[in-house]
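Accompanying notes for the structure given below.
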Amino acid sequence: MKYLLLSIFLVASVNDTIFANNGNEKNVEINEVNIAKKWIFKDIINTKLSKEELEENKSLMEGFSLQFNKDKTCVTSFILDLEGTWKLDTSKKLVITTDRKGKNTWHIHSLTETKIIVSRNDAEQKIILVVE
């Protein structure tokens, strides 16, 4: 009887671990290799907006993407494509992009292999981007 209960407990523990980790990726190191990808808009985090305002902001962001290339060039796509350059400040968790419209600072809040959460310049709103 003890072995049966122990077996059931172990199977339940393994299943809980598998399902708990499903979809929950671990953060990866913020470095140029992990950043150099094309990131497309997925969602917004902004606790100050109402549900309606949040949905409106999400619809405005549709089609937004950031592409950081290994050669330090980048493309910011939002209505039109802006080509520029990027550099990474790992100590401050920042990506600084420069294009013909100026400079933007992207604060990295979280980075996994397939998802990055950033905010632009001094914005409180966070943008969730996923790998294309």
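Quick note, the sequence shown lines up with residues 10 to 141 if you use the working numbering. The C-beta atom is built at its ideal place from N, Cα and C for all residues, glycine as well.
For this session: Grab me the residues of Asp108's own chain with a C-beta within less than 7 angstroms of its C-beta, minus the 5 sequence neighbours each way, in chain order.
Result: On the sequence shown, position 99 is the one that residue 108 refers to. The residues are Thr85, Leu91, Glu92 and Gly93.
For this session: Say yes only if the C-beta of Glu41 is nearer than 7 angstroms to one or more non-hydrogen atoms of the ligand ATP, and no if none qualify.
Result: The ligand ATP is not among the ligands present in this structure, which contains no ligands whatsoever.
Exercise. If you draw a straight line from the C-alpha of Thr99 to the C-alpha of His116, how long is it?
Worked result: As a working mapping, residue 99 is identified with position 90 in the sequence shown. As a working mapping, residue 116 is identified with position 107 in the sequence shown. Cα-Cα distance, rounded: 10 angstroms.
Exercise. Using the C-alpha atoms, what's the distance from Thr114 back to Val104?
Worked result: Position 95 of the sequence shown, counting from 1, holds the residue named residue 104. Position 105 of the sequence shown, counting from 1, holds the residue named residue 114. When rounded, the distance between both Cα atoms is 6 angstroms.
For this session: Within the same chain, show all residues whose beta-carbon is closer than 8 angstroms to that of Leu63, passing over the 5 residues directly before and after it, in chain order.
Result: The residue you call residue 63 lines up with position 54 of the sequence shown. The beta carbon of Leu63 lies closer than 8 angstroms to those of Ile53 and Asn55 in the same chain, with the five residues before and after it left out.
Problem set entry | Lys79 to Lys46 span [Cα, whole Å] | As a first step, residue 79 is located in the sequence shown; it is residue number 70 there, counting from the start. As a first step, residue 46 is located in the sequence shown; it is residue number 37 there, counting from the start. Near 8 angstroms, if we compare the C-alpha coordinates of Lys46 and Lys79.
For this session: Classify Ile88 as buried or exposed, calling it buried when 16 or more other Cβ atoms lie within 10 Å of its own Cβ.
Result: As a first step, residue 88 is located in the sequence shown; it is residue number 79 there, counting from the start. The C-beta of Ile88 has fewer than 16 other C-beta atoms within 10 Å across all chains shown, which makes the residue exposed.
Exercise. What is the DSSP secondary structure of Ser100, reduced to helix, strand or coil?
Worked result: Locating residue 100 in the sequence shown gives position 91, counting from the first residue. Looking at Ser100 - three-state DSSP - the assignment turns out to be coil, as it is neither helix nor strand.
For this session: Measure from the alpha carbon of Ile44 to the alpha carbon of each residue in Ala132, Asn130, Glu141 and Ile125, then state which is nearest.
Result: For the purposes of this step, residue 44 is taken as residue 35 along the sequence shown, with counting starting at 1. Among Ala132, Asn130, Glu141 and Ile125, the Cα nearest to that of Ile44 belongs to Ile125.
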